[in-house]
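The opening residue of the sequence shown carries number 99 in the working numbering; numbering runs sequentially from there. Note that CB positions come from ideal geometry on N, CA and C, so glycine has one too. One structure below.
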Amino acid sequence: MEKITEQPSLYNDLEKKSVEELTSGLISEYKKIALAVEAAKPQLDRLLNAVVEKVKAGGRMIYLGAGTGGRLSVLDVLELPTTFGMEDDTICAVLAGGIDKLILALEEKEDDTEESWQMLTEKGVSSRDIVVGISASGTTPFVLSGLKNCRENGITTCCIVNNPGSPIAEVSDYPVEVITGPEFVTGSTRMKAGTSQKMVFDMISTTVWIQMGRVLDNRMVNVQLINRKITDRAVRILMDKSDIRDYDQAHTFLLEQGSVANALKTLHQNGGIRK
Numbered sequence: 099m100e101k102i103t104e105q106p107s108l109y110n111d112l113e114k115k116s117v118e119e120l121t122s123g124l125i126s127e128y129k130k131i132a133l134a135v136e137a138a139k140p141q142l143d144r145l146l147n148a149v150v151e152k153v154k155a156g157g158r159m160i161y162l163g164a165g166t167g168g169r170l171s172v173l174d175v176l177e178l179p180t181t182f183g184m185e186d187d188t189i190c191a192v193l194a195g196g197i198d199k200l201i202l203a204l205e206e207k208e209d210d211t212e213e214s215w216q217m218l219t220e221k222g223v224s225s226r227d228i229v230v231g232i233s234a235s236g237t238t239p240f241v242l243s244g245l246k247n248c249r250e251n252g253i254t255t256c257c258i259v260n261n262p263g264s265p266i267a268e269v270s271d272y273p274v275e276v277i278t279g280p281e282f283v284t285g286s287t288r289m290k291a292g293t294s295q296k297m298v299f300d301m302i303s304t305t306v307w308i309q310m311g312r313v314l315d316n317r318m319v320n321v322q323l324i325n326r327k328i329t330d331r332a333v334r335i336l337m338d339k340s341d342i343r344d345y346d347q348a349h350t351f352l353l354e355q356g357s358v359a360n361a362l363k364t365l366h367q368n369g370g371i372r373k
């Protein structure tokens, strides 16, 4: 396979460039990321349809990663209970070295070929689930071994990689290859590759939860009411989607019901006007 992510940067003598020259070069490279994601859309659509099918059937989507990509997947998962009211580990992550070590750079853990399957089995992974491996290079041993074990046990496999024709893609039922090209700093895949992965994570989690009915129109009606800003937003959503016009009344009713979705359901059942 060709490791495009390891090819020399298109920019030389970086240490001699001014701040303005560096940021211009970086912006030029970052503009390419969305185009790379768009080129992978057919693969991403297939992956997403498979994930939605599994989740609707009661299964889980489990990210499996190491390094930057693995850490970014954890950050995406952490946002889901707040944003979409995810109550359990329907979408969860397995990180090389453990999620409790998230803030540590345990890059050596990506070479472990036994830990990934052990961690997956501890999560109770089964054929009901779908496992998404994350690896910029497409060769990370932690991810590759985990996906191989999944396949041997009848578990659907997917991947998000940044090189074409990788070993990890070969063991994935639904590979997504986002070819972001050489990095601005040669080989530093935390940059374009990592940013593309974050975009894909956003697209996956957002699409899944919209498909699961956790969004009404374009509103986060299942958001957890954990602070003033979010609660205020939820109150205004409730007022916009119902006949309640008094802010304090909407606020009290929302807190009683626990979410905008619950409040609207109660109003609908009781004959309240719902837009």
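For T304, which option in T180, T211 and E212 has the closest C-alpha, if you only look at C-alpha atoms? Position 206 of the sequence shown, counted from the start, is the residue given in the question as residue 304. The candidate whose alpha carbon is nearest that of T304 is T180.
Contained beta strand (DSSP E) runs [length at least 3] in the region 188 to 276, N- to C-terminal order
Annotation: the region 188 to 276 contains the following complete segments of the beta strand (DSSP E) (minimum length 3 residues), in chain order: 189 to 193, 228 to 233, 254 to 259 and 272 to 275.
Determine, using beta carbons only, whether W215 and G244 come nearer to each other than 8 angstroms. Translated into positions along the sequence shown, residue 215 becomes position 117. Translated into positions along the sequence shown, residue 244 becomes position 146. A contact, by the Cβ cut-off of 8 angstroms.
Practice task
My understanding is that V149 touches V274, with C-beta atoms under 8 angstroms, so please give their C-beta distance in whole angstroms.
Solution key: Counted from its first residue, the sequence shown places residue 149 at position 51. Counted from its first residue, the sequence shown places residue 274 at position 176. With a Cβ gap of about 11 angstroms, V149 and V274 do not count as contacting.
Handout entry: Nearest candidate by alpha-carbon position, reference S270, set T287, L218 and C248
Key = For the purposes of this step, residue 270 is taken as the residue at position 172 of the sequence shown. Relative to the Cα of S270, the nearest Cα in the group T287, L218 and C248 belongs to C248.
Item checked: From Q355, P106, L142 and G123, residue whose alpha carbon lies closest to that of V298 -> For the purposes of this step, residue 298 is taken as residue 200 along the sequence shown, with counting starting at 1. Considering only alpha carbons, the answer is L142.
Worksheet item: Using the C-alpha atoms, what's the distance from A361 back to G369?
Response: Along the sequence shown, one-based indexing puts residue 369 at 271. Along the sequence shown, one-based indexing puts residue 361 at 263. Taking the straight line from one Cα to the other gives about 12 angstroms.
| How many angstroms separate the CA atom of T166 from the CA atom of R288? | Taking the sequence shown and counting its residues from 1, the one referred to as residue 166 is at position 68. Taking the sequence shown and counting its residues from 1, the one referred to as residue 288 is at position 190. Approximately 6 angstroms, taken between the alpha carbons.
Exercise. Between the C-alpha atoms of P262 and D344, what's the straight-line distance to the nearest angstrom?
Worked result: As a first step, residue 262 must be located in the sequence shown, where it is residue number 164. As a first step, residue 344 must be located in the sequence shown, where it is residue number 246. In this structure, the alpha-carbon of P262 lies about 56 angstroms from that of D344.
Problem set entry | Beta-carbon spacing of L336, L352 below 8 angstroms | As a working mapping, residue 336 is identified with position 238 in the sequence shown. As a working mapping, residue 352 is identified with position 254 in the sequence shown. Against a cut-off of 8 angstroms, the Cβ pair of L352 and L336 comes out as a contact.
* **Bridge-paired residues (DSSP) for G163** => Here residue 163 corresponds to residue number 65 of the sequence shown, with the count starting at 1. For G163, which the question treats as bridged, DSSP gives the partners L193 and I232.
query = Mapping DSSP to helix, strand and coil, what is R288?
reply = Counted from its first residue, the sequence shown places residue 288 at position 190. Here R288 sits in coil by DSSP.
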